[in-house]
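Visitor:
Residue numbers (UniProt numbering): 1 to 389.
Written out as structure tokens, the structure is:
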């Protein structure tokens with residue numbers, strides 16, 4: 001066999017002979033070892049690389065699902081925009097932002113509790129939630145819901161009760177302005193314990209439903225409204241030191257409020273009140289006692305509304321007929337305001353025993369000491385189209 005055939009059978013790698021391979025710096029045995037080491041080095045590099053690629057794929061997949069889980073936790077379900085429709089939400093005293101969030105989600109205002117608590121926390125408004133009723137919309141963003149729960153957006157109905165209204169008029173006004181049934185106000189007015197009337201009120205609301213402007217929330221009950229009016233009365237009584245003042249002039253607080261109610265009903269102007277108070281005290285203190293003779297008390301007894309009573313009306317046997325009975329009537333005939341109560345405690349100084357509304361159109365009232373002066377005022381009243389004394 002030739003040398004060429006033998007090389008072919010041995011799988012020679014190239015055309016170079018052993019001498020040439022040796023001349024490049026190494027024998028055949030050392031060359032083979034070097035090639036094996038290079039193969040092992042490539043194996044050691046490729047294996048970790050493949051492992052890294054596989055691990056990166058696993059981590060990448062897990063990272064995506066992990067991100068989605070974290071995203072759901074940190075970015076909860078939330079609506080967008082202003083929403084639609086109308087929902088009235090009531091925040092009760094003591095409720096936390098979480099409590100409110102639960103109610104908002106329940107009524108379909110926000111998409112989730114977490115969305116609202118996150119939004120109100122980001123706005124720094126958790127501590128600013130105030131009790132009251134608020135108008136919101138369904139399916140609105142949590143951010144917009146937080147904005148609409150600003151205390152300035154509370155729903156309220158301002159109801160003004162004028163001085164001098166009788167309790168019957170006061171209840172009718174409250175029912176009309178709030179839309180609540182009149183029968184519920186009448187029932188609430190009889191629940192003395194719930195209203196926390198002062199002990200000297202003798203269990204009756206007349207005179208103690210203080211006239212003022214009250215802001216009534218949509219879900220406020222008649223009992224709560226009347227209780228607020230009694231509470232307002234107590235603040236006034238405290239500010240004028242009613243109990244001490246009544247004691248100083250020899251009357252009970254209930255008698256002072258009764259006198260104030262007559263002053264309120266009889267006076268056309270606030271500046272006349274201290275003088276009317278003096279007329280009442282002069283008549284009560286006169287010896288022998290002089291009947292008060294107030295038309296307003298007779299009108300109250302009859303459930304009528306006029307300045308002067310007729311001769312027939314003056315015959316009523318009601319204890320509120322101060323033409324028939326001496327002293328004060330059993331109780332107040334209206335709900336007096338600040339000026340009338342202060343006038344009852346601080347009457348003007350003077351000898352007057354009479355007063356006459358000489359001009360009903362301009363609310364002018366004039367005062368007299370003698371019967372002759374009174375008759376002159378009555379004549380003036382008749383010339384102006386009125387009559388009484």
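The beta-carbon is built from N, C-alpha and C at its ideal position, and this holds for glycine as well.
(1) Look up residue 150 in the DSSP assignment and say whether it is helix, strand or coil.
(2) Tell me, to the nearest whole angstrom, how far the beta carbon of residue 275 is from that of residue 348; I am working on the premise that it is less than 8 angstroms.
(3) Grab me the residues of residue 263's own chain with a C-beta within less than 8 angstroms of its C-beta, minus the 5 sequence neighbours each way, in chain order.
(4) Ordered along the chain, which non-local residues of its own chain (more than five positions away) have a Cβ less than 7 angstroms from that of residue 240?
(5) Only counting the same chain, and skipping five residues up and downstream in sequence, which positions put a Cβ closer than 6 angstroms to that of residue 233?
(6) Would you give the residue range spanned by the beta strand (DSSP E) that residue 275 belongs to?
(7) For the stretch 328-383, list the alpha helix (DSSP H) runs that are entirely contained and at least 4 residues long, ordered along the chain.
(8) List the endpoints of the continuous beta strand (DSSP E) containing residue 138.
(9) Does the Cβ of residue 290 have 16 or more other Cβ atoms within 10 Å, making it buried, or fewer, making it exposed?
(10) According to DSSP, which residues form a beta bridge with residue 160?
(11) Using three-state DSSP, classify residue 75 as helix, strand or coil.
(12) Would you mind stating whether residue 268 and residue 365 have Cβ atoms separated by less than 8 angstroms?
(13) With distances taken from CA atoms, which of 351, 259 and 315 is nearest residue 371?
(14) Using CA coordinates, which residue listed in 181, 261 and 246 is at the minimum distance from residue 225?
(15) Please say whether residue 117 and residue 127 have beta carbons closer to each other than 8 angstroms?
(16) Count the other CB atoms within 10 Å of the CB of residue 332; is the residue buried (16 or more) or exposed (fewer)?
(17) Suppose contacts are defined by Cβ-Cβ distances below 8 angstroms. Is residue 246 in contact with residue 252 by that definition?
(18) Quick one: what's got a C-beta closer than 8 angstroms to residue 327's C-beta in the same chain, skipping five residues either side?
(19) What's the C-alpha gap between residue 311 and residue 299?
(20) Please name the residue or residues paired with residue 87 in a DSSP beta bridge.
(21) Reducing DSSP to helix, strand and coil, say where residue 112 ends up.
(22) How many angstroms separate the CA atom of residue 170 from the CA atom of residue 153?
(23) Between 199, 237 and 133, which lies nearest to residue 219 when the distance is taken from Cα to Cα?
(24) Roughly how many angstroms separate the alpha carbons of residue 270 and residue 166, rounded to a whole number?
(25) Whole-angstrom Cβ separation of residue 212 and residue 254, contact assumed at under 8 angstroms?
(26) DSSP three-state label for residue 296, please.
(27) With DSSP as the reference, label residue 233 as helix, strand or coil.
(28) Whole angstroms is fine: what's the gap from residue 440's alpha carbon to residue 123's?
(29) Does the distance from the C-beta atom of residue 120 to that of residue 88 stay below 8 angstroms?
(30) Rounded to the nearest angstrom, what separates residue 75 and residue 238 at their Cα positions?
(31) Which class does residue 291 belong to by DSSP, given the choice of helix, strand or coil?
(32) Below 6 angstroms CB to CB, which residues in the same chain sit around residue 215 once its five sequence neighbours on both sides are set aside?
(33) Quick one: grab the DSSP three-state call for residue 123.
(34) Would residue 174 and residue 230 qualify as a contact pair, given that the criterion is a beta-carbon distance under 8 angstroms?
(35) Taking buried to mean at least 16 other C-beta atoms within 10 Å of its own C-beta, is residue 305 buried or exposed?
(36) What residue does the alpha helix (DSSP H) around residue 99 start on, and which one ends it?
Guide: In terms of the structure at hand:
(1) In this structure, residue 150 counts as coil in the three-state DSSP scheme.
(2) The beta carbons of residue 275 and residue 348 sit about 5 angstroms from each other, so the pair counts as a contact at 8 angstroms.
(3) Same-chain partners within the cutoff: 273, 276, 277, 280, 336, 340, 343 and 344.
(4) The residues are 341, 342 and 345.
(5) So the list reads 208 and 210, once near-sequence residues are dropped.
(6) Where residue 275 is concerned, there is no enclosing beta strand (DSSP E), although the alpha helix (DSSP H) it sits in stretches over 273-285.
(7) Here the runs fully enclosed are 338-345 and 371-383.
(8) For residue 138, the uninterrupted beta strand (DSSP E) segment begins and ends at 132-138.
(9) By the neighbour-count rule (16 or more Cβ atoms within 10 Å), residue 290 is not buried but exposed.
(10) 213.
(11) In the structure shown, the three-state DSSP call for residue 75 is coil.
(12) Cβ atoms of residue 268 and residue 365: closer than 8 angstroms.
(13) Put simply, of 351, 259 and 315 the residue whose alpha carbon is nearest the alpha carbon of residue 371 is 351.
(14) Answer by Cα proximity: 181.
(15) Taking 8 angstroms as the Cβ cut-off, residue 127 and residue 117 do not qualify as a contacting pair.
(16) Buried, because 16 or more other Cβ atoms sit within 10 Å of the Cβ of residue 332.
(17) Contact annotation: residue 246 and residue 252 have beta-carbon atoms nearer than 8 angstroms.
(18) Closer than 8 angstroms at the Cβ level, and outside the excluded window around residue 327, lie 284, 289 and 292.
(19) The alpha-carbon atoms of residue 311 and residue 299 are separated by roughly 12 angstroms.
(20) DSSP lists 136 as partners of residue 87.
(21) Annotated three-state conformation of residue 112 is coil, per DSSP.
(22) Going from the Cα of residue 170 to the Cα of residue 153 covers about 28 angstroms.
(23) For residue 219, the closest of 199, 237 and 133 by C-alpha to C-alpha distance is 133.
(24) The alpha-carbon atoms of residue 270 and residue 166 are separated by roughly 18 angstroms.
(25) Actually they are not in contact, since the Cβ atoms of residue 212 and residue 254 sit about 21 angstroms apart, beyond 8 angstroms.
(26) It is helical.
(27) Under the three-state reduction of DSSP output, residue 233 falls in the helix class.
(28) Examination of residue 440 is not possible in this model, given that the chain is present from 1 through 389 alone.
(29) No, the Cβ-Cβ distance between residue 120 and residue 88 is not below 8 angstroms.
(30) C-alpha separation (whole angstroms): 54 angstroms.
(31) In the three-state reduction of the DSSP assignment, residue 291 falls in the coil class.
(32) Cβ contact annotation for residue 215 (same chain, cutoff 6 angstroms, sequence separation greater than five): 156 and 158, in chain order.
(33) The DSSP-derived three-state label of residue 123 is coil.
(34) Residue 174 is not a Cβ neighbour of residue 230, given a cutoff of 8 angstroms.
(35) Burial state of residue 305 is exposed, judged by a 10 Å Cβ sphere holding fewer than 16 other Cβ atoms.
(36) Its alpha helix (DSSP H) spans residues 97-106.
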